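79 is the number of the first residue of the sequence shown in the numbering used here; add one for each residue after it. Don't be surprised by glycine CBs; every beta carbon is placed ideally from N, CA and C. Note that the structure is predicted; figures quoted are calculated from it, not measured.
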Amino acid sequence: MPLAWFDGRTVKLIPTLHPAVTFREAYLEGRCRSDWSKIASEACSDSPPTLPQRKHTILDTSSTPENQLRTLEDWLRHLQGDYLMAVDIETTIPGHRAHPSIKCIAMSHEPGSSLVVPTMGLAPDSPTISILRDVLECWDGARLIFHNGLYDTYWLSRLWSVRAPAWTLDTLAMHHALDPAEDHDLAYLASIYIRESYWKDMPDSGSLDDLHVYCGIDACVTRELAHIFMDDLELGHRMPFYDQYYGTMLGPLRRLMLTGIKVDDLQRSEIESALLVQALTTKSTLLGGAP
Numbered sequence: 079m080p081l082a083w084f085d086g087r088t089v090k091l092i093p094t095l096h097p098a099v100t101f102r103e104a105y106l107e108g109r110c111r112s113d114w115s116k117i118a119s120e121a122c123s124d125s126p127p128t129l130p131q132r133k134h135t136i137l138d139t140s141s142t143p144e145n146q147l148r149t150l151e152d153w154l155r156h157l158q159g160d161y162l163m164a165v166d167i168e169t170t171i172p173g174h175r176a177h178p179s180i181k182c183i184a185m186s187h188e189p190g191s192s193l194v195v196p197t198m199g200l201a202p203d204s205p206t207i208s209i210l211r212d213v214l215e216c217w218d219g220a221r222l223i224f225h226n227g228l229y230d231t232y233w234l235s236r237l238w239s240v241r242a243p244a245w246t247l248d249t250l251a252m253h254h255a256l257d258p259a260e261d262h263d264l265a266y267l268a269s270i271y272i273r274e275s276y277w278k279d280m281p282d283s284g285s286l287d288d289l290h291v292y293c294g295i296d297a298c299v300t301r302e303l304a305h306i307f308m309d310d311l312e313l314g315h316r317m318p319f320y321d322q323y324y325g326t327m328l329g330p331l332r333r334l335m336l337t338g339i340k341v342d343d344l345q346r347s348e349i350e351s352a353l354l355v356q357a358l359t360t361k362s363t364l365l366g367g368a369p
């Protein structure tokens with residue numbers, strides 16, 4: 079991140095762990111090596127310490143429904159051919175006093191821009207939600223990307239009746255395939271792999287504008303990370319591994335979240351009783367037959 083120094087210079091600042099911490103916490107060695115590799119790269123680079131410039135187009139929900147649809151359709155019309163599109167939603171927190179709802183949805187087809195659609199107050203059968211539903215379900219050429227998409231797709235299905243999206247790419251899952259022992263939250267990944275200042279506190283302001291930009295940043299960062307992780311998986315010849323053990327599992331796991339597991343209570347009770355008898359018999363044997 080760029081830092082204005084006291085003498086007027088702008089310098090590069092990279093927070094990192096002290097190497098000595100790896101003697102006490104061995105699992106941090108990978109992070110430490112990554113940080114110092116980045117420091118060495120930046121020290122040898124003449125590029126200025128710049129942050130990514132991202133443009134977030136917020137759909138004006140105060141305009142007429144016709145204008146909203148026109149803006150949404152114009153943005154989507156530019157997307158031609160086979161492309162990747164990251165999607166992120168922000169929801170109200172379900173509770174005993176509040177019904178869950180989707181506050182906004184952001185889409186990003188390239189890391190520098192996003193379209194954010196505020197959806198508070200929109201009915202699931204509204205024209206705007208209908209177009210978004212079409213995009214998520216069957217938009218031609220789109221390969222959707224989520225971060226922890228099981229959460230997003232669950233609520234999209236529950237609240238907007240979105241059928242299974244064309245979704246096998248998930249940046250959380252991709253990073254797990256690359257480094258299963260590391261953290262996988264979006265802010266951490268952004269701090270390691272790209273130049274993005276911390277943004278996760280933005281919703282705390284209570285401003286809807288900040289929430290919409292926050293959602294747009296999430297989508298842009300997800301889109302940028304997806305390209306990096308796909309390249310890393312290809313370079314390590316692990317994309318077939320990801321497809322087999324991650325990508326193909328996302329759909330079934332989503333359906334499991336929506337429908338649950340059918341349980342035969344009678345058979346479960348019988349098995350429980352049999353196991354209890356077995357456990358008591360084993361305990362008696364271990365105690366030498368003592369009661």
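Relative to the C-alpha of residue i, which residue among the options is closest?
i           : options            : result
residue 168 : 272, 129, 142, 293 : 293
residue 377 : 241, 331, 119, 344 : For the chain, the structure presents residues 79 to 369; residue 377 sits outside this window and is missing.
residue 201 : 237, 186, 95       : 237
residue 132 : 275, 281, 110      : 275
residue 137 : 99, 181, 266, 112  : 181
residue 249 : 263, 239, 259      : 263
residue 152 : 209, 338, 97       : 209
residue 123 : 139, 142, 89, 97   : 89
residue 134 : 188, 118, 314      : 188
residue 321 : 362, 352, 253      : 253
residue 317 : 340, 261, 251      : 251
residue 245 : 227, 297, 239      : 227
Using DSSP with H/G/I as helix, E/B as strand and the rest coil, what is residue i?
i           : result
residue 99  : helix
residue 245 : strand
residue 136 : strand
residue 231 : helix
residue 88  : strand
residue 363 : helix
residue 281 : helix
Taking a contact to mean a Cβ-Cβ separation below 8 Å, would you say residue i touches residue j in this structure?
i           : j           : result
residue 336 : residue 232 : yes
residue 301 : residue 162 : yes
residue 192 : residue 185 : yes
residue 324 : residue 255 : yes
residue 303 : residue 272 : yes
residue 154 : residue 213 : yes
residue 113 : residue 94  : yes
I'd like the span of the alpha helix (DSSP H) that includes residue i, first residue to last.
i           : result
residue 92  : Unbroken run through residue 92: none, as it is neither H nor E.
residue 55  : No answer is possible for residue 55: it lies beyond the span of the chain, which begins at 79 and ends at 369.
residue 146 : 143-155
residue 290 : 286-313
residue 114 : 107-121
Which residues does DSSP pair with residue i in a beta bridge?
i           : result
residue 185 : 165, 193
residue 224 : 248
residue 180 : 169
Taking Cβ positions only, does residue i come closer than 8 Å to chain C?
i           : result
residue 169 : No chain C is part of this structure, which consists of one protein chain only.
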